[in-house]
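Per the working numbering, residue 20 is the first one in the sequence shown, and the count goes up by one each step. Glycine residues also receive a C-beta, built at the ideal position from the N, C-alpha and C atoms. Here's the structure we're looking at; comments come further down.
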Amino acid sequence: MKRRHLFGAAAALLATLGLAGCNDDKKVENAGQQAASEPAKTYSWKMVTAWPKNYPGLGTAAERLAERVKVMSDGRLTIKVYAAGELVPALEVFDAVSRGTAELGHGAAYYWKGKVPTAQFFTSVPFGLSAIEMNAWLSKGEGQKFWEEAYAPFGVKPMVVGNTGMQMGGWYNKEINSLNDLRGLKIRMPGLGGEVLARLGATTVNLPGGEVFTALQTGAIDATDWVSPYNDLAFGLHKAAKYYYYPGWQEPQAVLELLVNQKAMDTLPEDLQAILTEATRAASRDMMDDYVYNNALALDQLKQQGVQLKRFPDEVLGAMQEQSELVLGELAAQSELNGRIWASMKAFQEQVKPMHEISEKELYNWR
């Protein structure tokens, strides 16, 4: 009798345990179904830019980046793009991202030199690195680390979002035959190039792109740099100035940057952070292709419309290079960080120079 009771109790216990296990499995299954049915969290961000709405190459690149992120994230991260002046003025993009008014900004680092003088290193350096060299210094050398260090106090993370490649020397309403022709010249040129020309007697101003044509046409300025044939044709600068000078000594390349509010970035799950990073890299490649292709077409159109291409005289280029070294040396002396950046950039240029002397340079001279 006792044995019968013992077996019965054991059977009851096993049945209870089995039922409990089934119930636990059912709970897990139900939880999984509930999680699967819940929509993924979405993020709606704003991107302010320094460019006119849908401006070729620059404004359109920002729009394409937003669309790429939306597709790659399956709509979990959407970005509304604001042209210059729609939410904030062109030259206040950095401040807007730093304050959190917008999560993203699309512009050029030298526009914020009044707030972050160090930023000038990260757009372009006169007579400096080419586009492929700059990209390599940023991604494989020390550049990105320095860039992030410069922006960290403002709560902003920078990323490369494009490059216009080698630019032109600018549009002039008078010929530049000697250094005397630079004295008293009123020219729109931001960044370090503008400081160099100021040393040579010019008066320089910093204007956003949307104001360049009117200033040149009305005589408020005598000359301007902008970008290269693709963008210059779109602005109609050939209708406001007579001479188109080369080479673009002031910007042998020009990095475009994506500014990311660091706190906003930290709120994103890891996969969306990776998507934003990779979409930015893809946008950088896309912009380079865009400029190589469209600059060739636009230059031909400008020639057909009678634009006079002019090369800066050797005397002028030599003086510009000499002053560039002085300006960069003074910028490097402003802070310990600036000194490290300039030393790193110069060392990298010397490192890659021998290879490019026997590769790109030789090919371009012969083909």
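For residue j and residue i, the rounded distance between their alpha carbons
i, j, result
"Ala109", "Leu235", "19 Å"
"Gly104", "Glu381", "45 Å"
"Thr61", "Glu194", "56 Å"
"Pro172", "Glu111", "17 Å"
"Val47", "Ala283", "Reliability of the predicted coordinates at Val47 is poor, the pLDDT of 43 falling under 50, and no value is obtained from them."
"Tyr264", "Gln327", "8 Å"
"Tyr262", "Gln323", "14 Å"
"Gln53", "Lys134", "For Gln53, the predicted structure reports a pLDDT of 46, less than 50, and the residue's modelled location is therefore unreliable. A value from the coordinates is still provided. Rounded to the nearest angstrom, the two C-alpha atoms are 50 Å apart."
"Gly147", "Ala59", "46 Å"
"Asp114", "Pro332", "40 Å"
"Leu38", "Trp64", "Confidence at Leu38 is low in this model, with a pLDDT of 41, below 50, so its placement is unreliable and the value that follows should be read with caution. For Leu38 and Trp64, the distance between alpha carbons rounds to 49 Å."
"His257", "Met66", "31 Å"
"Gly210", "Gly162", "18 Å"
"Ala223", "Ser247", "The question names Ala, yet the displayed sequence has Thr at residue 223. Taking the straight line from one Cα to the other gives about 19 Å."
"Arg95", "Met307", "28 Å"
"Ala150", "Thr286", "32 Å"
"Glu82", "Met178", "16 Å"
"Gly228", "Pro373", "37 Å"
"Trp166", "Glu369", "20 Å"
"Ala296", "Ala315", "Contrary to the premise, residue 296 reads as Thr rather than Ala in this sequence. Rounded to the nearest angstrom, the two C-alpha atoms are 30 Å apart."
"Gly40", "Asp290", "Because Gly40 sits at a pLDDT of 47, beneath the cut-off of 50, its placement in the model cannot be relied upon, and the point is left open."
"Leu318", "Ala260", "15 Å"
"Gly188", "Gly337", "14 Å"
"Lys99", "Ala121", "10 Å"
"Gly255", "Lys329", "18 Å"
"Ile377", "Gly184", "20 Å"
"Gly213", "Gly238", "18 Å"
"Leu252", "Glu230", "15 Å"
"Thr97", "Glu86", "8 Å"
"Ala50", "Pro288", "Low per-residue confidence applies at Ala50: pLDDT is 45, beneath 50, and the placement is therefore not dependable enough to give any value."
"Val335", "Glu344", "15 Å"
"Met208", "Glu355", "27 Å"
N- and C-terminal bounds of the alpha helix (DSSP H) containing residue i
i, result
"Trp391", "Because the chain in this structure spans residues 20 to 386, residue 391 falls outside the shown range and cannot be described."
"Glu376", "355–376"
"Gln327", "Taken as a continuous stretch (DSSP letters only), Gln327 belongs to no alpha helix (DSSP H), being part of the beta strand (DSSP E) at 327–330."
"Trp190", "Premise fails: Trp190 lies in the beta strand (DSSP E), 189–191, not in any alpha helix (DSSP H)."
"Thr79", "78–91"
"Gly126", "No alpha helix (DSSP H) contains Gly126, which is instead part of the beta strand (DSSP E) from 123–126."
"Arg218", "210–218"
"Tyr249", "248–254"
"Glu230", "Element bounds for Glu230: n/a, residue is neither H nor E."
"Glu349", "333–351"
Integer-rounded CB distance, given that residue j should sit under 8 Å from residue i
i, j, result
"Asn225", "Leu77", "Not really, about 17 Å apart at Cβ, beyond 8 Å."
"Gln272", "Met153", "5 Å"
"Gly267", "Gln353", "In fact, because the Cβ distance is near 25 Å, the residues do not count as touching under 8 Å."
"Trp156", "Met364", "7 Å"
"Leu106", "Val116", "About 11 Å separates the two Cβ atoms, so there is no contact after all."
"Val446", "Met91", "Since the first residue shown for the chain is 20 and the last is 386, residue 446 is missing from the structure and cannot be characterised."
"Val274", "Asn182", "6 Å"
Cβ pair residue i, residue j closer than 7 Å
i, j, result
"Ile206", "Ala242", "yes"
"Asn128", "Glu276", "One detail in the question is off: residue 128 reads as Ala in this sequence, not Asn. Yes, they are a contact pair."
"Gln342", "Arg218", "yes"
"Thr142", "Ala169", "no"
"Gln281", "Gly174", "yes"
"Ala221", "Leu198", "no"
"Ala80", "Gly126", "no"
"Phe367", "Gly119", "no"
"Val279", "Lys176", "yes"
"Ala302", "Val144", "no"
Endpoints, the beta strand (DSSP E) within which residue i is located
i, result
"Val175", "175–182"
"Asn154", "First-last for Asn154: 150–158, but that is the alpha helix (DSSP H), not the beta strand (DSSP E)."
"Arg207", "205–207"
"Tyr101", "96–101"
"Val224", "222–224"
"Asn129", "Note on identity: in this sequence residue 129 is Tyr, with Asn being the wrong assignment. Run containing Tyr129: none; DSSP gives neither H nor E here."
"Glu111", "From DSSP, Glu111 is part of no beta strand (DSSP E); its letter is neither H nor E."
Check: residue i C-beta below 6 Å from any heavy atom of the ligand COA
i, result
"Asn73", "Here there are no bound small molecules, and the ligand COA is not part of this structure."
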